[in-house]
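Notes follow once the structure below has been shown.
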Amino acid sequence: MPINPTRAKQLSENLSHVLSQVNTASASRNVRLIAVSKLKPANDILALHQAPTSHTHFGENYSQELLEKASLLPRTINWHFIGALQTNKCRPLAESIPNLFSVSSVDSSKKADGLEKGRAKLVAEKKEEVQGKKLRVLVQVNTSGEEEKSGVEPKDAAQLCKHILDNCPHLELGGLMTIGAIARSKATTKETENEDFEELRKCRDEVAKELGLDADKLELSMGMSSDFEAAIRQGSTEVRVGTTIFGERPARGDAKVKEDTTEEKK
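Mapping the sequence shown onto the UniProt record's numbering, position 22 (from 1) lands on 22, and the numbers just tick up by one.
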């Protein structure tokens, strides 16, 4: 797969800058950086996955796009599905990508069950990559109360977490995820806390208490390009950064899964 050297250099510099910001905000605490590559070509992902950057965690929002990219790229990539997922797409996604590391947008028991069936099928087929490895899932919580946002209400998070723990042996409950309100994100400063991030942290603690779990074992996935530093300061262990690394995205209809040229990108 062709990689434009100029483009690769720019991507590497962008990634290094974000990693530096993550490390500064985290104060030596481990924080996972998911490079959100939706609507960007597989060539860009490969450029960052290869040495010297060797980045492994990439996030996609659309199931069909992820399926296509996963078939083109190395199995050493850890894929994260981070977008809204239709119930009927859960099983096909989980059973088709052995190196699917995590699904971050589980907001119903039916979706969890679909992912469970898909992962169980891979295990039954004795796929080497998945033996002894559960599919990590995060319960998405709607912390802002916005109707257009996916996610369970905070009061229902424990019930869904319990369903995963009790009924999905091939899934690992990794923690909770939220996509907060844009207005709150923009209003957050070093001196103020984001209400959505505070709500998710509170929700995590309540889930842990109700289910008898160690709160520190439940990750908080919150923070994107515009607010990931604030999210880390408020306890996030995983951030999703796309445009800061890859640049502005094309319209979905103009996106290419794979670039077929090494011409200089504008």
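Don't be surprised by glycine CBs; every beta carbon is placed ideally from N, CA and C.
Taking GLN234 as the reference, give the member of SER26, GLU125, ASN14 with the closest Cα. Looking up residue 234 in the sequence shown gives position 234. The residue with the shortest Cα to Cα distance from GLN234 is SER26.
Residues bridged to MET177 [DSSP beta-bridge criterion]: As a position in the sequence shown, residue 177 is number 177, starting the count at 1. Partner(s): GLN140, SER221.
Per-residue burial, LYS266 [other beta carbons within 10 Å of its own, 16 or more giving buried]: Along the sequence shown, one-based indexing puts residue 266 at 266. Since pLDDT at LYS266 reaches only 38, below the 50 mark, its modelled position is unreliable, and no value is offered.
Quick check on DSSP: helix, strand or coil for GLU229? Sequence index remark: in the sequence shown, residue 229 carries index 229 (1-based). The answer is helix: DSSP assigns GLU229 an H, G or I state.
Closest to PRO250 by CA distance: which of ARG32, SER37, SER16 is it? Here residue 250 refers to the residue found at position 250 when the sequence shown is read from its first residue. Cα-wise, what sits closest to PRO250 is SER37.
Quick one: Cα of LEU220 to Cα of THR87, how far? Within the sequence shown, numbered from 1, the residue matching residue 220 stands at position 220. Within the sequence shown, numbered from 1, the residue matching residue 87 stands at position 87. Roughly 23 Å between the two C-alpha positions.
My assumption, with CB atoms under 8 Å, is that ARG184 sits in contact with ASN194. Please give the rounded CB distance. Within the sequence shown, the letter at position 184 stands for residue 184. Within the sequence shown, the letter at position 194 stands for residue 194. Yes, they are in contact, since the Cβ atoms of ARG184 and ASN194 sit about 5 Å apart, within 8 Å.
What are the boundary residues of the alpha helix (DSSP H) that LEU72 is part of? As a working mapping, residue 72 is identified with position 72 in the sequence shown. Segment 63-72, the alpha helix (DSSP H) holding LEU72.
Work out the CA separation of LEU48 and SER54 for me, nearest whole Å. For the purposes of this step, residue 54 is identified with residue 54 of the sequence shown, where counting begins at 1. For the purposes of this step, residue 48 is identified with residue 48 of the sequence shown, where counting begins at 1. Each residue's Cα considered, the two are about 6 Å apart.
Please report how far the alpha carbon of GLY118 lies from the alpha carbon of THR192, in whole angstroms. Taking the sequence shown and counting its residues from 1, one reaches residue 118 at position 118. Taking the sequence shown and counting its residues from 1, one reaches residue 192 at position 192. C-alpha separation (whole angstroms): 42 Å.
At what residue ranges does the segment 30-118 contain a whole run of the beta strand (DSSP E), taking only runs of 3 or more? 32-36, 57-60, 78-81, 100-106
Considering only residues of the same chain and omitting the five flanking positions on each side of PHE246, which have a CB-CB separation below 8 Å? Taking the sequence shown and counting its residues from 1, the one referred to as residue 246 is at position 246. LEU11, ASN14, ALA35, VAL36, SER37, LYS40, ASP44.
Counting beta carbon pairs with one atom in the segment 113-133 and one in the segment 147-160, are three or more of them shorter than 8 Å? no
With which residues is ARG240 paired in a DSSP beta bridge? Locating residue 240 in the sequence shown gives position 240, counting from the first residue. Its beta-bridge partners are ILE34.
Are the CB atoms of ARG252 and GLY59 nearer to each other than 8 Å? Here residue 252 corresponds to residue number 252 of the sequence shown, with the count starting at 1. Here residue 59 corresponds to residue number 59 of the sequence shown, with the count starting at 1. It is not a contact, given that the beta carbons lie outside the stated cut-off.
So, for ARG201: in the same chain, excluding its five sequence neighbours on each side, which residues have a beta-carbon less than 8 Å away from its beta-carbon? Within the sequence shown, numbered from 1, the residue matching residue 201 stands at position 201. Cβ within range, chain order: LEU220, GLN234, GLY235.
How would you call ASP107, buried or exposed, if buried means at least 16 neighbouring beta carbons within 10 angstroms? Numbered from 1 along the sequence shown, position 107 holds the residue referred to as residue 107. The residue is buried, with at least 16 neighbouring Cβ atoms inside 10 Å.
From SER109, LEU122, PHE81, THR56, pick the residue whose C-alpha is nearest to that of PRO98; which is it? Numbered from 1 along the sequence shown, position 98 holds the residue referred to as residue 98. Measuring from the Cα of PRO98, the nearest candidate turns out to be LEU122.
Which of the three DSSP states, helix, strand or coil, is assigned to VAL22? Locating residue 22 in the sequence shown gives position 22, counting from the first residue. DSSP places VAL22 in helix when its eight states are reduced to three.
So for VAL257, helix, strand or coil by DSSP? Taking the sequence shown and counting its residues from 1, one reaches residue 257 at position 257. VAL257: coil per DSSP, three-state reduction.
Take LEU93 and list the residues in its own chain whose beta-carbon comes closer than 8 Å to its own, dropping the five residues that flank it on each side. For the purposes of this step, residue 93 is identified with residue 93 of the sequence shown, where counting begins at 1. Closer than 8 Å at the Cβ level, and outside the excluded window around LEU93, lie SER63, LEU66, LEU67, PHE81, LEU85, LEU100, VAL103, LEU115, GLY118.
Drop a sphere of 10 angstroms on the beta-carbon of LYS209, count the other beta-carbons inside from all chains shown, and report buried for 16 or more, exposed for fewer. Within the sequence shown, residue 209 is the residue found at index 209, counting from 1. Exposed is the call here.
When ASN30, ARG29, ALA42 are compared against ASP260, the one with the closest alpha-carbon: Looking up residue 260 in the sequence shown gives position 260. Nearest C-alpha to ASP260: ALA42.
Assigned secondary structure, LEU11 (DSSP; H/G/I helix, E/B strand, else coil): In the sequence shown, the residue the question calls residue 11 occupies position 11. Residue state, collapsed to three classes: helix.
Report the residue from THR56, GLN140, LYS9, THR244 whose alpha carbon sits nearest the alpha carbon of LYS111. By one-based count along the sequence shown, residue 111 stands at place 111. Closest option to LYS111, Cα to Cα, is GLN140.
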